[in-house]
Structures are given as structure tokens and as C-alpha cells.
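S.K.: Here's a structure for you.
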Amino acid sequence: MSATTVGPISLSIPNIAGNEWSYVKECLDTGWVSSVGSFVDRFERDLAARAGTQHAIATASGTAAIHTALMAAGVEKDDEVLMPSLTFIAPANAVRYIGAWPVFLDSDPVYWQLDPNKVEVFLRTECVQKAGATINRKSGRTIKAIMPVHVLGHPAPLKPILELAGRYGLVVIEDATESLGSTYEGRPTGSWGLIGCFSFNGNKIITTGGGGMIVTHDKALADRCRYLTTQAKDDPVEFVHGAIGYNYRMTNVQAAIGCAQLEQLDKFINRKKQIAECYAEAFGALRGWTLPQVAPWASSNWWLYTVRINEGRARSSSRAVMAQLQAQAIQCRPFWQPMHLSPAHLDCQAWNCGTAEALWRDCLSIPCSTNLDPDSQQRVIAEIQRCA
Ligand SMILES: *Cc1c(COP(=O)(O)O)cnc(C)c1O
-5 MSATTVGPIS LSIPNIAGNE WSYVKECLDT GWVSSVGSFV DRFERDLAAR AGTQHAIATA
55 SGTAAIHTAL MAAGVEKDDE VLMPSLTFIA PANAVRYIGA WPVFLDSDPV YWQLDPNKVE
115 VFLRTECVQK AGATINRKSG RTIKAIMPVH VLGHPAPLKP ILELAGRYGL VVIEDATESL
175 GSTYEGRPTG SWGLIGCFSF NGNKIITTGG GGMIVTHDKA LADRCRYLTT QAKDDPVEFV
235 HGAIGYNYRM TNVQAAIGCA QLEQLDKFIN RKKQIAECYA EAFGALRGWT LPQVAPWASS
295 NWWLYTVRIN EGRARSSSRA VMAQLQAQAI QCRPFWQPMH LSPAHLDCQA WNCGTAEALW
355 RDCLSIPCST NLDPDSQQRV IAEIQRCA
């Protein structure tokens, strides 16, 4: 086959291969299409079991889950939340919805996760303790929480982060939106902090079209989250609302898709792992290429397969490789622009984010949909070997 006669290859797209049709049909046949229904209940139960938590609250999106989690955890206007600069923008935006402030910290150069050593130095040298609170000396604001993001599905170093959070009195909210099915020392991501958040957007490892989930071990927090996501309704019949709430619920149709997708999660993870192994074999010897590593503490769901093409050492830069592949209808994506450079968040503090900038310059995600067929993967490999 010539490259002109074969179709485009996407980065990471939905794989609708199980009971999605029959579960959605059940919603349509019964009329249970909106924000309550048996699939919502079941998806929450099944997801909580998978995430290893007592409680789960389905939401309209991962961003809504994070926004709600921050409010429920007590983050308020003018509080600060530590997070990696190298993340998709959603968690930073969610902090800003509250009028609170993200503080952007660096990633580690090996696993590309929030660097606990830099977090430690920041807390020790840039903050002071006052009346039991941790105050950022530069802004004078209280640092209330820390939000590790399990970037690309690989677990962040949770134990060092939890230890620091304990020492400095910070709440831990896990942005586990990319890491469903990943584990840290054998226990699922999302279950380590006070609250964890998942996303079921179209490009995630399982999808509901759009949707999210909040998970926690804490019953009172779970109740608070459910309250906030359902317009803070105090009475089931009378329209009495005790606070400013949100319409952040997932619909039964979305949850029906989610239940069917969750049944296939292990299959999807296995397929992602196979794709990663195949790429690792093909690219191991490419000059200047660093392939993704799995930490000894981690099992990754391999949500995205991302390589580092070290500028100056590799023959072509990440953006040159991307252009070559795009010209062959092979979809690739760089990392997100680091938050400390994002026009949306230029008014936020950032501290020593040099590694995040280098990773942004060098990294490239390549096609790894769970329904990527072996021939298409070979086409990606051949094109890369031609240009990299
Ligand atoms: C996808 C994603 C989100 C947001 O999820 P949505 O469902 O798209 O709102 C948040 N954080 C990270 C790191 C993500 O990748």
C-alpha cells in the first residue's frame, strides 16, 4: 500500500467494541436518558470498585470533577494550589474558577511527573508556617492543597507527595484523569489522596463521550460533592437550595457507554501496553530518542505513548518529526504548553520550571489508540524510521 491510498491514523480515539450499543438502547427504550438512572448508579459503583475507593460521584466532565473536588476540599478564593506546570490546562482552570491560584512547579526529567524534590525545596525555602498554615512568602497567600497530575497515565510519585502534604498541612487532590487503571505500589491512582478525579473525554482510555468522576474514601466529602454537582438541592421536592451549586451531573446515556467501556478497561490497557512494547522495540536504537520509562513504584495504563526527541542530539527535532508525520496523515501531538507560559495563566506564580520547558520542546505523542491495527502501527514505525 502506498501512503496516499491509506487513511489517516489518529492519535488516540474511542474504541466502541462492547456492550455500548445495547446499554444505550436500553436507555432509549426505557426513557431513562437524563441525569438519573440505573447506569449512573452502576457506573459509580463499578468505578469506585476499580479505583479502590468507597465512594464515586459521576460528573459532566473531568474538569467539573476537579472543580467540585477543590470546593469540597475547602479550597477558597485566594488560596493557592501547587501543581505541575506540565499538565493539560483543565486543573489550572478549575483552581481559577474558585478565585484561587495555582502555583506551577517543575517536573522530573525521567518520569515527567511533578518533582517531589522541587516541591520540598519550594515549601522549605519559599514558604513560612503561620498559625498552622503554610504561607507563600512571595504572595502572602495560604497554600491549601497540592494536585499531582498522573501525566500520560503514569503515576506521579505519590508517597513523597503525601509525606510533604502531611508535613505542611496540605490537602492532596489527585488529577487522575489520564490514569484510570494505573497503580502506585499496586494501589490504584485516585485512591491515595483525599479526593481523586477521572475523565471520560473522547481521547481518554475509556470514554463516555464526555464525563468525569470524583472518588474518595470520605463519606461526608462524597455527600458534599454530590450536593454541589446537583445544584445544592436541600429538598427533593420543594425548590430549596442551600448554596450556589452546579449542574455537573452525568447523564444515564453517558453512564451506559461508561459501563460498557469499563468492562473493556483491562483489554484496553493490555492493548496500550502491547503498542508501547512494539514502539519500544522499534525505536530503542534511534539516536537522541528517549523512550518513556516506568518507575519501579508504578504500573502505567500507557494512556499516551510519548517519546522525547532530544534537541541537539537527534537528527530531527520533535516538531520536524511531527510535520513529516502529519504530512502522511499520521496524527501526533506535542506536550501541552507549560502552564507558566500559557497566556491564560501568566498572572500566576511559577517556580523553576526549566524541565517542563525542555520536555515541551522535545516530547511528541504518537498514535496509540486501542483500536490501532498492527499494519497501521507498522506504517507509523516506517515513517518515523524514515525521518527521525
Ligand atoms: C482530560 C484531562 C482533564 C479534563 O477532563 P475533561 O473531561 O476533558 O474535562 C483534566 N486534567 C488532565 C490532566 C486531563 O488530561
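Taken in order, the sequence shown gives residues -5 to 382; the numbers are from our numbering. Glycine is no exception: its CB is placed at the ideal position from the N, C-alpha and C atoms.
#1: If residue 92 and residue 336 are in contact, beta carbons under 8 Å, what's the gap, nearest whole angstrom?
#2: Taking the continuous alpha helix (DSSP H) assigned at residue 414, which residues delimit it?
#3: Are residue 141 and residue 209 closer than 9 Å when you measure CB to CB?
#4: Using the three-state DSSP reduction, which class does residue 268 fall into: helix, strand or coil?
#5: So, with DSSP's three-state summary, where would you put residue 358?
#6: Tell me whether residue 23 is buried or exposed, calling it buried when 16 or more other Cβ atoms sit within 10 Å of its Cβ.
#7: Would you say the beta carbon of residue 198 is closer than 8 Å to some non-hydrogen atom of ligand 3?
#8: In this structure, does DSSP put residue 25 in helix, strand or coil?
#9: By alpha-carbon positions, which one of 122, 179, 144 ends up nearest to residue 191?
#10: Using 9 Å as the threshold, is the C-beta distance between residue 49 and residue 58 below it?
#11: Spatial neighbours of residue 86 within its chain, please: CB distance less than 6 Å, with the 5 preceding and 5 following residues excluded, ordered by chain position.
#12: Using the Cα positions of residue 60 and residue 177, report the straight-line distance between them to the nearest angstrom.
#13: Measuring alpha carbon to alpha carbon, tell me which of 308, 362, 64 ends up nearest residue 386.
#14: Would residue 266 and residue 295 qualify as a contact pair, given that the criterion is a beta-carbon distance under 9 Å?
#15: Looking at residue 12: is its Cβ nearer than 9 Å to the Cβ of residue 257?
#16: What is the DSSP secondary structure of residue -2, reduced to helix, strand or coil?
#17: Would the segment 114 to 130 and the segment 152 to 164 be scored as touching if the rule is three or more Cβ pairs under 8 Å?
#18: Along the chain, which unbroken stretches of the beta strand (DSSP E) at least 3 residues long are found entirely within the segment 185 to 219?
#19: Can residue 342 be considered in contact with ligand 1, in the sense that its beta carbon sits closer than 8 Å to one or more heavy atoms?
#20: Assuming residue 136 contacts residue 150 (C-beta within less than 8 Å), just tell me the rounded distance between them.
#21: Beta-carbon within less than 6 Å of residue 117's beta-carbon, same chain only, minus the 5 sequence neighbours each way: which residues are those?
#22: Who are residue 77's beta bridge partners in DSSP?
#23: Thinking just about the alpha-carbon of each residue, which of 201, 212, 172 is nearest to the one in residue 187?
#24: Counting along the chain, where does the alpha helix (DSSP H) carrying residue 123 start and finish?
#25: Under 8 Å by Cβ, that's how I've got residue 249 and residue 37 pegged, so tell me the actual separation to the nearest angstrom.
#26: With C-beta atoms as the reference, is residue 285 less than 9 Å away from residue 44?
#27: Could you tell me the alpha carbon to alpha carbon distance between residue 6 and residue 242, rounded to whole angstroms?
#28: Under a three-way DSSP split, which group does residue 151 fall into?
#29: Beta-carbon within less than 7 Å of residue 28's beta-carbon, same chain only, minus the 5 sequence neighbours each way: which residues are those?
#30: Can you tell me whether residue 377 is buried or exposed, with buried defined as 16 or more other CB within 10 angstroms of its CB?
#31: So residue 205 packs on residue 53, CB below 8 Å; how close in whole Å?
#32: Round the Cβ separation of residue 251 and residue 0 to the nearest angstrom and send it over; I've been treating them as touching at under 8 Å.
#33: Should residue 193 be listed as close to ligand 1, given that the test is whether its C-beta is under 8 Å from any heavy atom?
#34: Answer with buried or exposed for residue 373, where buried requires no fewer than 16 other C-beta atoms within 10 angstroms of its C-beta.
#35: Let me know if residue 78 comes out buried or exposed under the rule of 16 or more other beta-carbons within 10 Å of its beta-carbon.
M.R.: Reading it off the structure:
#1: Rounded, the Cβ-Cβ distance is 18 Å, inconsistent with contact.
#2: Since the first residue shown for the chain is -5 and the last is 382, residue 414 is missing from the structure and cannot be characterised.
#3: For residue 141 and residue 209, no; Cβs fall outside 9 Å.
#4: If DSSP states are grouped into helix, strand and coil, residue 268 belongs with the helices.
#5: Residue state, collapsed to three classes: strand.
#6: Exposed, because fewer than 16 other Cβ atoms sit within 10 Å of the Cβ of residue 23.
#7: Although ligand 3 was asked about, the structure shown includes only ligand 1 as ligands.
#8: DSSP places residue 25 outside both helix and strand once states are collapsed to three, so it counts as coil.
#9: With distances taken between CA atoms, residue 191 lies nearest to 144 out of 122, 179, 144.
#10: Contact flag unset, no.
#11: Hits under 6 Å: 96, 333, 339.
#12: Rounded to whole angstroms, residue 60 and residue 177 show a C-alpha spacing of 20 Å.
#13: In this structure the chain extends from -5 to 382, so residue 386 is not present and cannot be described.
#14: With respect to residue 295, residue 266 sits close: the two C-beta atoms are nearer than 9 Å.
#15: Pairing residue 12 with residue 257 gives a Cβ-Cβ distance under 9 Å.
#16: Because the pLDDT of residue -2 is 43, which lies under 50, any placement of that residue in the model is unreliable, and the number read from its coordinates should be weighed accordingly. Coil.
#17: Put simply, the segment 114 to 130 touches the segment 152 to 164. At least three CB pairs are less than 8 Å apart.
#18: The segment 185 to 219 contains these whole beta strand (DSSP E) runs: 189 to 193, 206 to 210.
#19: The answer is no for residue 342.
#20: Approximately 23 Å separates the beta-carbon atoms of residue 136 and residue 150; this is outside 8 Å, ruling out the contact.
#21: For residue 117, where only same-chain residues beyond five positions count, the Cβ hits under 6 Å are 162.
#22: Under DSSP, the beta-bridge partners assigned to residue 77 are 98.
#23: Checking every option, the nearest Cα to that of residue 187 belongs to 212.
#24: Premise fails: residue 123 lies in the beta strand (DSSP E), 121 to 124, not in any alpha helix (DSSP H).
#25: Taking a contact as a CB-CB distance under 8 Å, the pair residue 249 and residue 37 counts as one, their CB atoms being some 4 Å apart.
#26: No. Outside cutoff.
#27: Each residue's alpha carbon lies about 26 Å from the other.
#28: If DSSP states are grouped into helix, strand and coil, residue 151 belongs with coil.
#29: Excluding its 5 nearest sequence neighbours in each direction, residue 28 has C-beta neighbours in its own chain below 7 Å: 245, 246, listed in chain order.
#30: The residue is buried, with at least 16 neighbouring Cβ atoms inside 10 Å.
#31: For residue 205 against residue 53, the beta-carbon gap comes to about 7 Å, under 8 Å, which counts as contact.
#32: With 8 Å as the limit, residue 251 and residue 0 do not qualify as a contact, their Cβ atoms being about 29 Å apart.
#33: Within the cutoff, so yes.
#34: When all chains shown are included, residue 373 counts as buried.
#35: Residue environment analysis places residue 78 among the buried positions, since at least 16 neighbouring C-beta atoms fall within 10 angstroms of its C-beta.
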